[in-house]
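First to last, the protein sequences are chains Z and F. Its first residue numbered 0, the first sequence is counted upward by one per residue in numbering that gives the first Met the number 0. Its first residue numbered 0, the second sequence is counted upward by one per residue in numbering that gives the first Met the number 0.
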Amino acid sequence: MATGAVATKSVGMEGSSAKVGYGPIDWMGGWKTCIFGTLALMVLAAVHWYYDSLYAWTVGIDAANPQFTKIFMGQFWVEVIAIGAGTGLWWGWLVRTGRRIVAKPITADEEVRRIAVFWGLISMTSMTLYVMASFWPNQDGAWHQTAIRDTAFTPPHIAMFYFWFPLGITMTIGTYLYGRYRLPKVYGAEKGFPWSFFFLIAASVTEMMQVAFNEWAHSLWITEEIFAAPFHWPFVTYGWLASGIFALWAETILRIMGIEKEVEDSATAAPAA
Amino acid sequence: MVMQARTAEQAAQLNVALNKKYKYFDYKWDLVFWLTAWPVVAAAADVTKLLFAGDWDFWTDWKDRQWWMTISPFAMIIIPSALQYIQWLAWKFPTGFTYTAVGMWAASWLGRWLQWDIFTGYPLNFVWPATIIPAAILADWILLKSRSFVLTSLLGSMAFTAAFWVANYVTLAPFLQPVEFMGSIVTLSDVQGIEYLRSATPEYLRIVEHGSLRTFLGETTLVAFVFGTTLAVFGYWVGQGIGRLLAIWPIGKFIKVI
C-alpha cells in the first residue's frame, strides 16, 4: 500500500489542455460531479418516495400480508443488495485506482479540479444527510402517529433505515477515500486520520447503530405516542457530529490558497530563470 | 460585508487584495458552499426540532401555552447558534441564524407537504410548522450590534423566544377561536385534534396543562416564556459548542496513526 510517497509539488499549467467551458473550475468541468451527482440523489429520493406512496397505505400496513413480502420486503432486498454492491464497487475503485495515482505529481489545474470534485462529493453527502435526517423522518413521524407499527420493517423504515442511512456511510467514507488518494497534500496517509472525517463518518455510522437501539427500545416501551421520546434523542446528538463537514470545506479552501500562492510564485520566478 | 479602512496603509492593503487577480478563486466556490451546505444545515436543524420538540410542532392542538413555548425555542435555537458562530468566524457575516432558519423553513414545509399532507393525508392547516425566520433575523441583528456571543446568548435568546411566540401567534390565533362542538365550548384546534385521531392524542391529554400552571391566573404563557428563555440561553451555548468543537476545531487536525 502506497502510504508514504505523495505528490509533493503542484505545477502551474501554462496553457491548459481543457476545452473552453470544461476547465477545473467550469460548471461542466470540475463542478460536474456537484451538479449532476446532487441532482441524481434528488431524483432518486423523489422516485423512492413516489414508489412508497403507491403502496404504503394499501399493502404496507400489514406485514403479514403476502403482498407486503413481495412489494416491501422485495424493495428491502433490492436496496440492501444495491447499496452493498454499489458501495463495494465504488470504494474498491477509489482504492485500486487511488493507489496507482497517489504518488504521481499533478498539475495545479488537476489538483484544483479534484478539489472541485471533492466539493461535489461533499454536496452529495450533504443532500444524503438531508434525505436521511429530515425528509424520511417526517414520513416516519406521520406514519407512526397514524398506523403505529407491527414490525421494524415499516414502509418508511425500509426506505430510510435500510437505504438512505447506509448511503450516508457510503458517501462519507467514499468522500474520505477520494481525499485520501486524490488529494494527498490535504489528506495524505502520512498526516494521520483527519478529525473532520472522524466526526463526519462517526455521525453516519452511529446513526446506523442507533437504528438497532431504536427498534429495541420501541419493542420494549412501545412508545408511539411521543416522537420526541428520550430514546430518539441519540439520533440528534449523533447527527451533530456531522458538523465535521464544515472542516472539509475549510481544509480544502486553504489548500486552494496554497495553490494560488504556488502558481503566483512560479510565475514570478519564471522570467528570472 | 464591506470592510472600512481606518488608515492609509490599511486602505492600500485592501486595495491590493480587492484588485488581486486569482487563477482559481471565483464566485463559484462561494456559491457552491452556500448552496450545498444548506441541505445538511436544514436537516440538522429540522431533526433537532423533530426529535426534541417535534410533537409540539406537528399539530395545531399541541401548540399550547405551556410545553410548546417552553421547549420549542430550546430545540430550534441550537443549530442556528452553531451556524452563527461559523459564519461570523469565517466571513464576519451576522447571518447564521437566518441562513439556518430559511433552510429549516424549506425542509419543514417540504416534509409537511409531501409526507404529512400528500402521503398521509393530514391537511396542512393542521400540521403547519412553526417559523423562526423573524426570530432568527432578530438574533443575527443582536450579534451585529453587540459583536458579542455572550450578549447575543442572553439578549438574543430572549429576543428569539419572544419573537418566536409573536410570529407564530399570528398563524395560530385563528385556530384558538372558540366554537361549540358536541355541546362543549372548545377551540378550532381542539376540533381538528378530535377529528384526526392520532396515537399521541391520549398521551397529550395526560400531559398537557396539568399541575398548578393551569391556575396561574392566566399567566401560564408568561411563565412558560420566561422559562423557555432560560432554556434557549442553554440551547444557544449547546449550539456554540457544536460550532466550535465539531465544525471549527477539527480544521487541519489529524489523529496520528501509530
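Idealized CB from N, CA, C, for every residue including glycine.
- Beta-carbon proximity check, L142 (chain F) vs A162 (chain F), cutoff 9 Å: no
- Query: Does the pairing of the segment 58-77 of chain F with the segment 251-268 of chain Z give three or more beta-carbon distances under 8 Å?
  - Reply: no
- What residues match up with P193 (chain Z) in a beta bridge as DSSP calls it? F:F253
- Query: Based on the DSSP output, what are the partners of V77 (chain Z) in its beta bridges?
  - Reply: According to the DSSP secondary-structure assignment, V77 (chain Z) is paired through a beta bridge with no residue.
- Query: Is L175 (chain F) near T186 (chain F), with beta carbons less than 9 Å apart?
  - Reply: yes
- Item | Short CB-CB distance (under 9 Å) between V1 (chain F) and chain Z | Confidence at V1 (chain F) is low in this model, with a pLDDT of 48, below 50, so its placement is unreliable and no value can be given for it.
- Neighbour list for E202 (chain F) in chain A, Cβ cutoff strictly below 8 Å: Checking the listed chains, one finds no chain A in this structure; the protein chains it contains are Z and F.
- Nearest candidate by alpha-carbon position, reference I200 (chain Z), set Z:S242, Z:E214, Z:L253 and Z:F160: Nearest option by C-alpha distance: Z:S242.
- Under a Cβ-count criterion, where at least 16 other Cβ atoms within 10 Å of its own Cβ denotes burial, should Q138 (chain Z) be classed as buried or exposed? buried
- Task: Please work out which residues of its chain come closer than 7 Å, Cβ to Cβ, to D60 (chain F), disregarding the five sequence neighbours upstream and downstream, and give them in chain order.
- Result: Take D60 (chain F), set aside five residues on each side of it, and the residues of its chain with a beta-carbon closer than 7 Å to its own are S188, D189, Q191 and G192, in chain order.
- Interface residues of chain F facing Y129 (chain Z) [CB-CB closer than 8 Å]: P38, V39, A41, A42 and A106
- Query: For M181 (chain F), is the classification buried or exposed, using 16 other Cβ atoms within 10 angstroms of its Cβ as the cut-off for buried?
  - Reply: exposed
- Task: Please compile the residues from chain F whose C-beta is within a distance smaller than 8 Å of the C-beta of T96 (chain Z).
- Result: Result: empty, since nearest Cβ-Cβ is about 22 Å, beyond 8 Å.
- Query: Name the chain F residues that come within less than 9 Å of P193 (chain Z), Cβ to Cβ?
  - Reply: P249, G251, K252, F253 and I254
- Determine the DSSP secondary structure at T94 (chain F), reduced to helix, strand or coil. Collapsing the DSSP output to three states places T94 (chain F) in coil.
- C-alpha distance - P154 (chain Z) paired with T57 (chain Z), whole-angstrom precision: 11 Å
- Task: Could you tell me the boundaries of the beta strand (DSSP E) in which I184 (chain F) lies?
- Result: S183 to T186
- When you compare each of Z:G20, Z:R148, Z:G173 and Z:I82 to S218 (chain Z) by their alpha carbons, which one comes out closest? S218 (chain Z) has its Cα closest to that of Z:R148, out of Z:G20, Z:R148, Z:G173 and Z:I82.
- Can you name, in chain order, every residue of its own chain whose Cβ lies under 7 Å from the Cβ of V185 (chain Z), other than the five neighbours on each side? G178, E250, T251 and R254
- Sub-9 Å separation of W48 (chain Z) and F92 (chain F) beta-carbons: no
- Query: If you follow the beta strand (DSSP E) that E218 (chain F) is part of, which residue opens it and which one closes it?
  - Reply: Per DSSP, E218 (chain F) belongs to no beta strand (DSSP E) and is neither H nor E.
- Message: Strictly below 7 Å CB to CB, what residues from chain Z border G53 (chain F)?
- Response: One finds G140, F226 and A227 in chain Z with Cβ atoms closer than 7 Å to the Cβ of G53 (chain F), taken in chain order.
- Item | Listed by chain order, chain Z residues near D25 (chain F) by CB distance under 8 Å | I24
- Backbone CA spacing between V232 (chain F) and I258 (chain Z) [nearest angstrom]: 42 Å
- If we count the other Cβ atoms within 10 Å of its Cβ and call it buried at 16 or more, is V149 (chain F) buried or exposed? exposed
- Query: So the beta strand (DSSP E) F180 (chain F) belongs to, where does it begin and stop?
  - Reply: P177 to F180
- Item | Assigned secondary structure, G169 (chain Z) (DSSP; H/G/I helix, E/B strand, else coil) | One detail in the question is off: residue 169 (chain Z) reads as Thr in this sequence, not Gly. The answer is helix: DSSP assigns T169 (chain Z) an H, G or I state.
- Task: Helix, strand or coil for T119 (chain F), going by three-state DSSP, please let me know.
- Result: coil
- Item | Contact with chain F by V10 (chain Z), beta-carbon distance below 9 Å | Low confidence applies here, because V10 (chain Z) scores a pLDDT of 44, under 50, leaving its location unreliable; read the following figure in that light. No, V10 (chain Z) lies away from the interface with chain F (no Cβ there is under 9 Å from its Cβ).
- Query: If you drop the 5 nearest sequence neighbours on each side, which residues of the same chain put their C-beta closer than 7 Å to that of P133 (chain F)?
  - Reply: A162 and A166
- Using only alpha-carbon positions, find the residue among Z:F164, Z:T171 and Z:Q144 that is nearest to F196 (chain Z). Z:T171
- For V130 (chain Z), the nearest candidate out of F:V46, F:N14 and F:A16 (CA to CA): F:V46
- Contact with chain Z by L49 (chain F), beta-carbon distance below 9 Å: Interface residue, yes.
- Task: Write down every uninterrupted run of the alpha helix (DSSP H) in the segment 95-164 of chain F whose length is 4 residues or greater and which is fully enclosed by it, in chain order.
- Result: Whole alpha helix (DSSP H) segments, 4+ residues: 95-110, 123-126 and 132-145.
- Grab the span of the alpha helix (DSSP H) containing Q138 (chain Z) for me, first residue to last. W135 to A146
- Query: Who are the Cβ neighbours of L230 (chain F) in its own chain at under 6 Å, not counting the five residues just before and after it?
  - Reply: F73
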